[in-house]
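The opening residue of the sequence shown carries number 138 in our numbering; numbering runs sequentially from there. Step one of this worksheet: look at the structure below.
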Amino acid sequence: EYTVPFGTGNRLDGGEVIEIMPQTLQVKVGESIRINNDDIRDFMIGPFFVAGGQTLAMRFTHPGRLSGICLVNPEGEFVIEVTE
């Protein structure tokens with residue numbers, strides 16, 4: 138479970154490096170992820186859009202690789218590797 142705290146968008150606007158999500162997350166089929174966005178700003182977190190004030194929950198049902206841009210880690214990308 139990961140939480141984007143209130144004020145994260147303002148911290149990014151101020152040039153602060155944010156490190157909430159890892160660059161790579163390895164999970165197994167059947168495991169899940171939960172991302173709470175406590176900020177008022179919407180964020181792209183890898184392949185997921187998480188609106189301000191919302192929570193995303195996803196269970197991984199198939200092996201594979203998901204990736205996308207990420208504003209809440211220094212690398213700017215979030216990769217999820219799902220294995221059996």
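We put the CB at the ideal spot given by N, CA and C, even for glycine.
Can you pull the DSSP bridge partners for residue i?
{"i": "F185", "result": "I182"}
{"i": "V216", "result": "T161, S204"}
{"i": "L193", "result": "I172"}
{"i": "V140", "result": "Checking the displayed sequence, the identity of residue 140 turns out to be Thr instead of Val. Paired residue(s): N173."}
So residue i and residue j are in contact, right, with Cβ under 8 Å, and what is the actual spacing, rounded?
{"i": "Q163", "j": "T220", "result": "7 Å"}
{"i": "N210", "j": "E156", "result": "6 Å"}
{"i": "V166", "j": "T198", "result": "6 Å"}
{"i": "G189", "j": "R196", "result": "With a Cβ gap of about 23 Å, G189 and R196 do not count as contacting."}
Does the CB of residue i have a neighbour CB from chain C at under 8 Å?
{"i": "N210", "result": "Absence of chain C from the displayed structure is noted, only one protein chain being present."}
Can you have a look at residue i and say buried or exposed, based on whether 16 or more other CB atoms are within 10 angstroms of its CB?
{"i": "D176", "result": "buried"}
Among the residues of its own chain, which have a CB less than 6 Å from the CB of residue i, if the five just before and after it don't count?
{"i": "N173", "result": "T140, T192"}
{"i": "I217", "result": "L162, L203"}
{"i": "P142", "result": "D175"}
{"i": "R171", "result": "E138, A194"}
{"i": "P184", "result": "L203, G205"}
Going along the chain, which residues of its own chain have a beta-carbon closer than 7 Å to the beta-carbon of residue i, five neighbours each way excluded?
{"i": "G213", "result": "I206, C207"}
{"i": "D180", "result": "Per the sequence shown, the amino acid found at residue 180 is Phe instead of Asp. Within the same chain, F180 has close Cβ partners V141, N174, V187, L208, V209."}
{"i": "M158", "result": "Y139, I182, C207, V209, N210, F215"}
{"i": "G201", "result": "V219"}
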